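A.B. asks:
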Amino acid sequence: MKRISGLDYPTPGLSDYCQCDDVDANWDGFRDHQAGAAYRDLITTLETIQKGLCAYCEIDVTRNDRQIEHVVPRSDPIRGSILALDPANMIVCCKGGTWPYDDDDARSKIPIGRNLSCGQAKENTTGGDFFDPRTLPAIPSLTRVRFTGEIIADEEACASFGVDTGRISRTIDTLGLNVERLRLAREKRWRALSENWHQHYNDPEIMTEAARMELLPETNGKLQRFFTTSRSYFAPLGEYILSQSLQEWI
């Protein structure tokens with residue numbers, strides 16, 4: 386998980402729906418508004434804000450593997466219906482391993498039930514131990530990825546920010562971020578980084594350029610998938626590059 390920016394204002398289609406149908410406005414009604422165009426614009430706006438990555442597992446979201454996640458679930462008996470159309474309660478995520486019609490092993494793995502992540506794993510969890518990625522510090526990263534692909538709480542970073550490592554660990558567990566599907570995908574990403582750059586490890590100029598290339602958005606404004614894996618691979622050098630370009634990658 387990384388820090389992401391949120392949506393502080395309604396998109397035109399969402400605003401139009403709420404103004405036109407204020408009394409009976411609900412999520413299902415919005416999904417059908419403007420023949421679905423309003424929803425598509427909203428999810429694309431969120432995807433752009435998040436630099437093309439799932440807010441939880443950091444896989445690249447695609448047209449078929451994306452959905453709007455309500456941080457406070459719509460099923461919440463107290464706040465769910467109130468916040469269902471609140472843009473401040475929305476982020477974009479992948480479908481949590483339930484999109485099997487793809488050759489990409491990182492998107493689904495049999496058995497599906499043991500490889501669910503993100504919103505599908507989180508379900509109705511909210512508040513308490515759950516850490517909203519929009520509230521994470523940009524720097525330092527409170528999570529890091531081992532070469533095995535396992536994502537863990539970074540104890541030193543958590544201490545420097547005054548965050549209980551247990552809360553980060555429980556958030557990782559709640560979101561299923563260490564299911565085999567994702568662990569293997571991150572391990573594969575780490576191996577690719579090592580194959581590309583290990584031979585240049587002692588060349589500061591090449592490694593600096595490599596860190597910029599791997600960690601900052603591409604020309605299309607999107608980050609490469611499994612951002613925290615790359616961030617962990619480049620370690621202090623990566624943190625330096627990111628600190629110089631905060632608004633580019635958050």
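In case it helps, my numbering puts the sequence shown at residues 386 to 635. For every residue, glycine included, the Cβ atom is placed at its ideal position computed from N, Cα and C. Small disclaimer: the values here were computed from a predicted structure and weren't measured.
Closest by CA to A542, which one among S526, I557 and S554?
C.D. replies: The shortest C-alpha to C-alpha distance from A542 to any of S526, I557 and S554 is the one to S526.
A.B. asks: Spatial neighbours of W582 within its chain, please: C-beta separation below 6 Å, excluding the five flanking residues on both sides.
C.D. replies: A595
A.B. asks: For L560 versus K507, is the C-beta spacing smaller than 8 Å?
C.D. replies: yes
A.B. asks: Assuming S615 contacts L627 (C-beta within less than 8 Å), just tell me the rounded distance between them.
C.D. replies: Contact doesn't hold; Cβ gap of about 10 Å is too wide.
A.B. asks: Roughly how far, in whole angstroms, is the beta-carbon of M386 from the beta-carbon of L608, given that I think they are within contact range, below 8 Å?
C.D. replies: Actually they are not in contact, since the Cβ atoms of M386 and L608 sit about 13 Å apart, beyond 8 Å.
A.B. asks: Relative to the alpha-carbon of N449, which residue among I428, H455, L622 and N509 has its alpha-carbon at the smallest distance?
C.D. replies: I428
A.B. asks: How far does the beta strand (DSSP E) with C371 in it extend, from its first residue to its last?
C.D. replies: Within the shown structure, residues of the chain are numbered from 386 to 635, placing residue 371 beyond reach of any answer.
A.B. asks: Kindly give me the distance between the Cβ atoms of D514 and T556, rounded to whole angstroms, as I take these residues to be in contact under 8 Å.
C.D. replies: 7 Å
A.B. asks: Please state the DSSP three-state secondary structure of T528.
C.D. replies: strand
A.B. asks: So does the stretch 484-499 actually touch the stretch 424-440, counting three or more Cβ pairs closer than 8 Å?
C.D. replies: no
A.B. asks: By how many angstroms is the C-alpha of E572 removed from the C-alpha of V564?
C.D. replies: 12 Å
A.B. asks: Would you check if the stretch 411-423 and the stretch 439-448 touch, i.e. whether three or more CB-CB distances between them fall below 8 Å?
C.D. replies: no
A.B. asks: Apart from the five residues just before and just after R492, which ones in its own chain have a Cβ nearer than 6 Å to its Cβ?
C.D. replies: D450 and W484
A.B. asks: Excluding the 5 residues flanking A570 on each side, which residues of the same chain have their C-beta closer than 6 Å to its C-beta?
C.D. replies: Its chain contains A491 as the residues whose beta carbon lies nearer than 6 Å to that of A570, once the 5 sequence neighbours on both sides are disregarded; these appear in chain order.
A.B. asks: Take E590 as the anchor and find which of H418, F546, I524 and L622 has the nearest alpha-carbon.
C.D. replies: Comparing Cα-Cα distances from E590 to each of H418, F546, I524 and L622, the minimum goes to L622.
A.B. asks: For E443, does the count of other Cβ atoms within 10 angstroms reach 16, so buried, or fall short, so exposed?
C.D. replies: buried
A.B. asks: Rank V457, R610, C478 and G606 by C-alpha distance to the C-alpha of Q632 and give the top, closest one.
C.D. replies: G606
A.B. asks: Going along the chain, which residues of its own chain have a beta-carbon closer than 6 Å to the beta-carbon of R529, five neighbours each way excluded?
C.D. replies: D539 and S617
A.B. asks: Residue range of the beta strand (DSSP E) that A538 falls in?
C.D. replies: I536 to A538
A.B. asks: Just to confirm the assignment, what range does the alpha helix (DSSP H) spanning Q505 have?
C.D. replies: C503 to K507
A.B. asks: What's the gap between the Cα of C353 and the Cα of R610?
C.D. replies: Examination of residue 353 is not possible in this model, given that the chain is present from 386 through 635 alone.
A.B. asks: Between I635 and A523, how many whole angstroms is the CB-CB distance? I'm expecting something under 8 Å.
C.D. replies: The beta carbons of I635 and A523 sit about 5 Å from each other, so the pair counts as a contact at 8 Å.
A.B. asks: Can you say whether G547 is buried or exposed, counting buried as having 16 or more other CB atoms within 10 angstroms of its CB?
C.D. replies: exposed
A.B. asks: DSSP state of E454, grouped into three classes?
C.D. replies: strand
A.B. asks: Can you tell me whether L392 is helix, strand or coil according to DSSP?
C.D. replies: Here L392 sits in coil by DSSP.
A.B. asks: Can you list, in chain order, the residues of its chain whose CB lies under 6 Å from that of R519, leaving out five sequence neighbours each side?
C.D. replies: I389 and G391
A.B. asks: Which residues mark the beginning and the end of the alpha helix (DSSP H) in which K387 is found?
C.D. replies: Taken as a continuous stretch (DSSP letters only), K387 belongs to no alpha helix (DSSP H), as it is neither H nor E.
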